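Q:
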Amino acid sequence: DFPPPAASVLGSCLQPAPAQTPVTIVITPPSPVVGGGVSLAPQNLPQDVLVCSWYRSATTHESSRILTYYPPPAPDQIPGPAHTGREIAGPGCTLHIAGSTLSDTGNYTVLIQSRTGTNPVRSIRVVLRVSEMLPRPTVTPGQTQVLENGTFTLTCNSSPSADTVLWLRDGASLVPSERLGLSPENRTLMVPNVTRGDAGAYQCEVGNPVSSVRSEPSTVMVAYAPHPALSAGAVAGILIGSLAGAALVGVGAYFLCE
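Quick note on the UniProt record's numbering: the sequence shown kicks off at 1 and runs consecutively.
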């Protein structure tokens, strides 16, 4: 016997729709540098894109719209309120930014509208970070002399865009310990209860995704603490011993002369 026609019709209706490949955004280069260019390229776009708009924010508010791009066959670009004159769009709804600055860092959203599909309007967000080539940091003071068991403090002066700050002594990284005090961002190093082993050349090294640079050395010298002053009795004993020794020398010299 053949199954009822209704069953086959129902079965075809229950077939799942093919899953859509998610649209992602690739940033090139992955670590943009101040002054260079950067591209934000959507991947896995539908073939029938009508229009796409880029926004410099995590939302699609009109005030943050950089531009709207119409792809071929009649490509066109309409600048928005957030357009700086450095942004253009290209094939595949790619956003190109020339002369990147630190202020370009932030959220970017592209709104894509296509002719067909189960999701004709898509919004994809990406975070862009632009980094600068870090200048050489400095350590202050440049030279320190501290008494044994005393305390000294060094400060690493660097660009606020540095992500990491490391400290070194004589070229070797300092391992954090209970005795080494560091500020929350590692920019200040405090060493209490100084020992002779704390003497040396100190440097700080700063880094971010595009650069890493060390400071010139800052020299720390440890002066040994003086011995405690002698008591009055000890001083008297030394004087008496010295006088007695001088007297014996004089007596010996007298007998030799005789």
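C-beta: ideal position from N, C-alpha, C; glycine also.
Bear in mind that the values here come from a model prediction, so they are computed numbers and not experimental data.
#1: Which one of ASN157, ILE25 and SER158 has the shortest CA to CA distance from ARG122?
#2: Can you round the beta-carbon distance between HIS83 and LEU67 to whole angstroms, since I take them to be within the 8 Å contact cut?
#3: Rounded to the nearest angstrom, what separates PRO192 and LEU102 at their Cα positions?
#4: With a threshold of 7 Å on Cβ separation, who are the neighbours of GLU185 within its own chain once the five nearest residues in sequence on each side are excluded?
#5: May I ask which residues mark the beginning and end of the beta strand (DSSP E) holding LEU166?
#6: Alpha carbon to alpha carbon, what distance is there between GLY92 and PRO42?
#7: Using only CA atoms, which one of ASP163, VAL220, SER57 and TRP167 lies nearest to LEU111?
#8: Helix, strand or coil: how does DSSP classify GLY197 here?
#9: Spell out whether any CB of chain D is found under 8 Å from the CB atom of VAL33.
#10: When the Cβ atoms of the region 141-155 are set against those of the region 174-190, are three or more pairs found closer than 8 Å?
A: So, from the data block:
#1: As a working mapping, residue 122 is identified with position 122 in the sequence shown. Looking at the Cα atoms, ILE25 is the closest of the given residues.
#2: Walking along the sequence shown from the start, residue 83 turns up at place 83. Walking along the sequence shown from the start, residue 67 turns up at place 67. So it is a contact: roughly 6 Å between Cβ atoms.
#3: One-based indexing of the sequence shown puts residue 192 at position 192. One-based indexing of the sequence shown puts residue 102 at position 102. Spanning the two alpha carbons is a distance of roughly 38 Å.
#4: Residue mapping note: residue 185 aligns to position 185 of the sequence shown, counting from 1. Contacts found: VAL165.
#5: The count along the sequence shown starts at 1 and reaches residue 166 at position 166. Looking at the DSSP string, the run of the beta strand (DSSP E) that includes LEU166 is 164-169.
#6: Along the sequence shown, one-based indexing puts residue 42 at 42. Along the sequence shown, one-based indexing puts residue 92 at 92. Going by the C-alpha atoms only, they are around 7 Å apart.
#7: Walking along the sequence shown from the start, residue 111 turns up at place 111. Nearest C-alpha to LEU111: SER57.
#8: As a position in the sequence shown, residue 197 is number 197, starting the count at 1. The answer is helix: DSSP assigns GLY197 an H, G or I state.
#9: Any reference to chain D falls outside this structure, which holds one protein chain only.
#10: yes
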